[in-house]
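Residue numbering for the sequence shown follows my numbering, beginning at -13 and increasing consecutively.
C-beta atoms are modelled at their ideal positions from N, C-alpha and C, and glycine is treated no differently.
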Amino acid sequence: MALSFSGKSLLIVDDEEYIRATLGSALRDEGFQVRTAADGSGALSALAEQAPDLVLLDIWMPGPDGIEVLGKIKERYPELPVIMISGHGTVETAVKATKLGAFDFIEKPLSLDKVILAIRHALDLSQLTQEYFRLKKRVLPEPELIGKSKAIQELLAAIEKVAPTEGWVLIAGENGTGKEVVARTIHRQSRRKDSPFADVNCAAIPEELIESELFGHEKGAFTGAAGRKIGKFEAAHAGTLFLDEIGDMSLKTQSKVLRVLQEQQLVRVGGTDSIRVDVRVITATNKNLEAEIQAGRFREDLYYRLNVIPLSLRPLRERREDIPLFVEHFLGEFCARSGIKPKKLNKKVLSALMQYPWPGNVRELRNILERMVILSRGPEITLSDLPPAIGLSGLKSGESAFDRANLKEARSAFEKEFIVKKLIENEYNVSRTAEAIGLERTSLHRKIKSHGIKLGNANPPSEG
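Right, dumping it as structure tokens:
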């Protein structure tokens, strides 16, 4: 079935008024919404206002020529199809345009049939590409907010209200609670959902590289800058930019980010051109930013700029009723991914998971469950598959040595609990643990093996 042109938008860029008028009129008759620009600067301004479905771009124009404009278009809108037109093109020029990402190259005098055929092919391919990414998202779904707790239900209700707006959001929560999942959920439910989502972990990037990561850089801007790099602000143009752990950003970088947010334009490191950016900003932090302001580590003006809509994500220990849902979700995910039969969780294991304080929150729970799926042998995950720290959490709340049926079992349970505790205290270093409890290393090895103790990091016992 042929692609309908109705509602599709085009930008015609040509310095010849006759071409703009006649080609524009003919393409409007075909159902296109047509805008025109007389030169490269006008084209870039028109694109900044609203990106079309396709660009027809003349090569030889005053000011920045078509090749230069093509390069800038492909940096900002890599998926936007561009068809080059020229009155006296060369093979060399055509090759250069193709390398930069032009879809096709048409020589003047223009044949309307040829132009329409090229446009149809370009839009067909663009539609297929978009459909591919939609299907890919369906096969590999984005992480979702999971939970039945009051805290999560209130958060989901808030997201439903916030997402369709353009309001900037500040998410507060401990490490591992799922702040990025919240940000992605907001993006998916927003009007920008079909545009890019770019994320930056401000705590993970060295100070000397953070500006390049955020704003991009030009070739030769600093040692090692072998080529131009597009920063996250540009990558997120028309979409959402997620700045994770914003509280770890230096005051110097905060000032530059604030300026970009105020002016909605940036200059790449080592560059001179101002580049317009249109992004919805979502930020997250595990710090008390008001306390950071008082301590002089965070800019008050940036805080109020970002904190338009505050959201809070509670730690897992405060919403334990969500743990069984996470367990079910992650077990299904890991078993399917590993190509193994679904595994069940022993009730005592679930009890231990429910009682553990989860300092690493959902991220820690996810890692623990993945490890148990991989290392457990049978169809059921038992207490022996738990890392010692979590196993002890379960033992202390109902599985103590005093609950054993006879002295032999009680002694064995106490010995296992004691050894596990000492291993944890000594960071699973067998030599140090043996010395601390007054045993030979070989004797401790035997007891570790006989009790089926698995070390907390799933690695073999350390010898020191």
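CB of residue i within 8 Å of CB of residue j, strictly
i	j	result
residue 164	residue 346	no
residue 59	residue 33	yes
residue 149	residue 181	no
residue -6	residue 44	no
residue -3	residue 55	no
residue 299	residue 157	yes
residue 131	residue 84	no
residue 454	residue 272	Only positions -13 to 450 of the chain appear in the structure, and residue 454 is not among them; the question remains open.
residue 184	residue 212	no
residue 376	residue 336	no
residue 243	residue 200	yes
residue 278	residue 233	yes
residue 1	residue 48	yes
residue 96	residue 71	yes
residue 94	residue 53	no
Buried or exposed (CB count within 10 angstroms, at least 16 for buried), residue i
i	result
residue 22	buried
residue 285	buried
residue 313	buried
residue 113	exposed
residue -9	buried
residue 322	exposed
residue 176	buried
residue 402	buried
residue 210	exposed
residue 326	exposed
residue 404	exposed
residue 98	exposed
residue 8	exposed
Beta-carbon contacts of residue i that lie in its chain and below 6 Å, excluding the five residues immediately before and after
i	result
residue 419	408, 409, 412
residue 349	162
residue 436	none
residue 388	Confidence is the limiting factor: at residue 388 the pLDDT is only 46, short of 50, which leaves the residue's position unreliable and the question unanswerable from this model.
residue 169	228, 268
residue 262	34, 251
residue 137	300, 305
residue 19	-5
residue 295	148, 153, 155
residue 87	60
residue 236	193
Reduced DSSP category for residue i - H, G, I as helix; E, B as strand; rest coil
i	result
residue 269	strand
residue -8	coil
residue 255	strand
residue 41	strand
residue 2	coil
residue 47	coil
residue 431	helix
residue 72	strand
residue 53	helix
residue 171	helix
residue 96	coil
residue 101	helix
residue 403	helix
residue 179	coil
residue 230	strand
residue 205	coil
Neighbourhood of residue i by C-beta distance below 7 Å, restricted to the same chain and skipping five residues each side
i	result
residue 332	366, 367, 368, 369
residue 362	329, 371
residue 152	266
residue 135	305, 307, 308
residue 51	26, 45
residue 438	370
residue 108	40, 67, 69, 89, 90
residue 427	416, 417, 420
residue 364	none
Residues of its chain near residue i, where Cβ-Cβ distance is below 8 Å and the 5 sequence neighbours each way are ignored
i	result
residue 207	198, 254, 255, 256, 257
residue 178	224, 225, 226, 266
residue 276	289
residue 324	359, 360
residue 100	92
residue 259	253
Start-to-end residues for the alpha helix (DSSP H) that takes in residue i
i	result
residue 196	193 to 201
residue 20	Here residue 20 belongs to no alpha helix (DSSP H); instead the beta strand (DSSP E) covers 19 to 23.
residue 419	416 to 423
residue 142	136 to 148
residue 353	347 to 361
residue 237	237 to 249
residue 287	286 to 292
8 Å Cβ cutoff, residue i in contact with chain C
i	result
residue 55	In summary, chain C is missing from the structure at hand, where a single protein chain is found.
Residue i: first and last residue of the uninterrupted beta strand (DSSP E) it sits in
i	result
residue 298	295 to 298
residue 183	183 to 187
residue 89	Where residue 89 is concerned, there is no enclosing beta strand (DSSP E), given that its DSSP letter is neither H nor E.
Heavy atom of the ligand FAD within 7 Å of residue i beta-carbon
i	result
residue 292	Ligands displayed in this structure: none; no statement on the ligand FAD is therefore possible.
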